[in-house]
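Residue numbers (my numbering), protein chains in the order written: chain U, 1128 to 1387; chain W, 1128 to 1387.
C-beta: ideal position from N, C-alpha, C; glycine also.
These numbers were taken from a predicted model, which means no experiment stands behind them.
Protein chains: 2
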Amino acid sequence: MHSENDKYFSKTIEKGLLILSLFDRDHSKRSLSEISQITGINKTSVFRFVNTLIELGYLRKNSSNRLIRLGPKSFVLGQNFFHGYDLLQGVKPIIDKTSIQHNVSIDSALLFGRSLISLYRREHPSLIYSRLPILMDDLHARALGKAVLANLESEELTEILKSLRLTKLTPKTITKKKDLLNDLKATRSRGYSVNNEEYFPGMIFIGAPLSNYNTKVVAGAVSLGFRAAEFPLSIIERNYTGILTKMASELSAIITSLDA
Amino acid sequence: MHSENDKYFSKTIEKGLLILSLFDRDHSKRSLSEISQITGINKTSVFRFVNTLIELGYLRKNSSNRLIRLGPKSFVLGQNFFHGYDLLQGVKPIIDKTSIQHNVSIDSALLFGRSLISLYRREHPSLIYSRLPILMDDLHARALGKAVLANLESEELTEILKSLRLTKLTPKTITKKKDLLNDLKATRSRGYSVNNEEYFPGMIFIGAPLSNYNTKVVAGAVSLGFRAAEFPLSIIERNYTGILTKMASELSAIITSLDA
DNA sequence: CATCTCCGTTACTATTATAGTACCCTTATT
DNA sequence: AATAAGGGTACTATAATAGTAACGGAGATG
């Protein structure tokens, strides 16, 4: 929860959106008191806000058990947000083109606060992963994450590292902060990050940062993914890093133009 | 704009969502004064609300030209709304199954207010339409629309017909209210609606209503689509109406269980 | 080059909405 | 029947918003 003292900040809107954002893939129904507990907003206010959202069609209430769910207006809003997000629309054609041209799987993400947001993913037809998260937290175990971390300012990096838990996801996952810092240093000098079966066994990824050329700030990352059985790391580094960095600079140009 | 006298209704939340909903596929950037004009909300309030939405990450502002765009939080919210919308998740497997089993294109929509919301569409691989709308207004020219209209209460029907413009989309589009009423009567007795090249030349659709079995209220519709060149209407009516109505009842059961 | 205009932003209060407590009602539980 | 828990309502002190006014910068216009 934000705690803005800003005069030009509406706490009511913050609360309304906080309530709406409680509904997702894993939480399609919630009760009033549950919402009140989670958000810390008082019961009466939650009642007022939920009532408002129901009247507007963003939520709906089951008349028998009183459980609250997303309404049709949220569904429409969701699609508008998806299709109206200019960064996605800008990034998609470039990733599609590169994926088709070189027959590779590509993933991209944006940095927002301390986590990465999955922006667009294009998979080589034969590869299918299971349901991947929209918000990614395991930055230490991903090519995308390491590409971003390696190019942050040192203050911001230490800030993020403080709250980053180095969870062991595979035998090769980096779990010591010192090892991670060394990896990031190598990443920075190399110009691209390597995830060698650290997130998913049998999968190798290489990643490059995306940045806003004007502000020089890291905005996200792109990665290429390969099956380790088909592509040894040496082959990947020889044949694909050029493709990766070229795509990264194209994407950075787009981001720069949109964020201007 | 709602004008609720309701005591338990937050106008601030209404305004915040009104502002957010101005951003979609066709409007990825807007200025402050533009937002103020469109919404009728006073400039200072728009400034406060937009500022709030920017601080929360739902919008972002270009620092040079001050234009406002969707932010990463909206993108995340959009995906959560899409994947968290239980009606979609409930309807999808049934439509997928039917589409694969009978090799047909299927479209579905929900009634919300006076318009239909496109819920889920599954196309037979060889058919591709251009960008279809999320909100559908031409109810008179669509199988989905006519299936819904034919099963409304007469009061609600006249209410909707009042604001429905019978736009001519193809030579076969129904443009006279009397003809439409006759078609709806036929639709009701038949149990399914027919769109014979009235929306798109060369395409025939048949549609059936979806309803909540408890409340007996029409909730939406499903339709099957065919190329007129391949499937004459007589063949469609002989072979596919059973499939359509069976699917419609399965979907209605889902809707009933979720809306309880 | 001066002026005008538009837009975003800030300052300031009267007015209005919200927070929070208390209380009631319905439903589920024992 | 008693109890508990959750949803919904009433009420008022308190805090937030609406709206007017006014400022400053950027771009347009003469």
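Within the same chain, show all residues whose beta-carbon is closer than 6 Å to that of residue i, passing over the 5 residues directly before and after it, in chain order.
{"i": "W:Ser1332", "result": "Note that residue 1332 of chain W is Phe in the sequence shown here, rather than Ser. Closer than 6 Å at the Cβ level, and outside the excluded window around W:Phe1332, lie Ala1270, Asn1322, Ser1350 and Gly1352."}
{"i": "W:Thr1225", "result": "Met1374"}
{"i": "W:Thr1314", "result": "Lys1273, Ala1277 and Ser1320"}
Within 10 angstroms of its Cβ, does residue i collect 16 or more other Cβ (buried), or is it exposed?
{"i": "U:Gly1369", "result": "exposed"}
{"i": "U:Gln1206", "result": "buried"}
{"i": "U:Leu1259", "result": "exposed"}
{"i": "U:Lys1200", "result": "buried"}
{"i": "U:Ile1227", "result": "exposed"}
{"i": "U:Asp1234", "result": "buried"}
{"i": "U:Lys1273", "result": "buried"}
Comparing C-alpha positions only, which one of the options sits nearest to residue i?
{"i": "U:Phe1209", "options": "U:Leu1279, U:Leu1246 and U:Tyr1319", "result": "U:Leu1246"}
{"i": "U:Ala1346", "options": "U:Leu1279, U:Arg1315 and U:Ile1165", "result": "U:Leu1279"}
{"i": "U:His1229", "options": "U:Leu1276, U:Tyr1367 and U:Ser1384", "result": "U:Tyr1367"}
{"i": "W:Gly1318", "options": "W:Gly1334, W:Asn1178, W:Lys1303 and W:Asn1169", "result": "W:Gly1334"}
{"i": "W:Phe1327", "options": "W:Asn1309, W:Thr1314 and W:Thr1300", "result": "W:Thr1300"}
{"i": "W:Ser1384", "options": "W:Lys1170, W:Asp1213 and W:Pro1298", "result": "W:Asp1213"}
{"i": "U:Asp1133", "options": "W:Thr1342, W:Phe1176, W:Leu1311 and W:Arg1365", "result": "W:Phe1176"}
{"i": "W:Phe1358", "options": "W:Asn1178, W:Arg1249 and W:Ser1232", "result": "W:Ser1232"}
Can you find a CB in chain U that lies within less than 9 Å of the CB of residue i?
{"i": "W:Glu1141", "result": "yes"}
{"i": "W:His1154", "result": "yes"}
{"i": "W:Asn1169", "result": "no"}
{"i": "W:Ala1380", "result": "no"}
{"i": "W:Arg1404", "result": "Chain W is shown from 1128 up to 1387; residue 1404 of chain W falls before or after that span and cannot be answered."}
{"i": "W:Gly1211", "result": "yes"}
{"i": "W:Gly1240", "result": "yes"}
Return the CA-CA distance between residue i and residue j, expressed in angstroms with no decimal places.
{"i": "W:Arg1241", "j": "W:Arg1193", "result": "36 Å"}
{"i": "U:Glu1161", "j": "U:Leu1197", "result": "15 Å"}
{"i": "U:Asp1151", "j": "W:Asp1386", "result": "18 Å"}
{"i": "U:Ile1221", "j": "U:Glu1377", "result": "8 Å"}
{"i": "W:Gly1329", "j": "U:Ala1355", "result": "49 Å"}
{"i": "U:Ser1191", "j": "W:Asn1341", "result": "11 Å"}
{"i": "U:Lys1170", "j": "W:Thr1139", "result": "18 Å"}
{"i": "W:Val1218", "j": "W:Ala1236", "result": "10 Å"}
Just checking: is the beta-carbon of residue i within a distance shorter than 9 Å of some beta-carbon in chain W?
{"i": "U:Ile1244", "result": "yes"}
{"i": "U:Val1203", "result": "yes"}
{"i": "U:Tyr1326", "result": "no"}
{"i": "U:His1229", "result": "no"}
{"i": "U:Thr1390", "result": "This structure cannot speak to residue 1390 of chain U, because chain U is shown only from 1128 to 1387."}
{"i": "U:Thr1166", "result": "no"}
{"i": "U:Arg1248", "result": "no"}
{"i": "U:Tyr1340", "result": "no"}
{"i": "U:Pro1336", "result": "no"}
{"i": "U:Pro1220", "result": "no"}
{"i": "U:Ile1261", "result": "yes"}
{"i": "U:Glu1182", "result": "yes"}
{"i": "U:Leu1159", "result": "no"}
{"i": "U:Leu1266", "result": "no"}
Who are the Cβ neighbours of residue i in its own chain at under 7 Å, not counting the five residues just before and after it?
{"i": "U:Leu1291", "result": "Leu1266 and His1267"}
{"i": "U:Thr1294", "result": "Asp1265"}
{"i": "W:Glu1131", "result": "Note that W:Glu1131 scores a pLDDT of 45, beneath 50, so its modelled location is shaky and nothing firm can be said."}
{"i": "W:Leu1238", "result": "Val1275, Val1345, Ala1346 and Gly1347"}
{"i": "W:Lys1156", "result": "Leu1194, Ile1195 and Arg1196"}
{"i": "W:Leu1307", "result": "His1267, Leu1293 and Ile1301"}
{"i": "U:Leu1284", "result": "Leu1276"}
Within the present structure, is the beta-carbon of residue i separated from the nearest heavy atom of the ligand NAP by less than 8 Å?
{"i": "U:His1210", "result": "In terms of ligand content, the structure shown is empty, and the ligand NAP therefore cannot be addressed."}
Spatial neighbours of residue i within its chain, please: C-beta separation below 8 Å, excluding the five flanking residues on both sides.
{"i": "U:Leu1180", "result": "Gly1143, Ile1146, Leu1147, Leu1186 and Gly1198"}
{"i": "U:Lys1304", "result": "Leu1288 and Leu1293"}
{"i": "W:Leu1296", "result": "Asp1265, Ala1268, Glu1325, Tyr1326 and Phe1327"}
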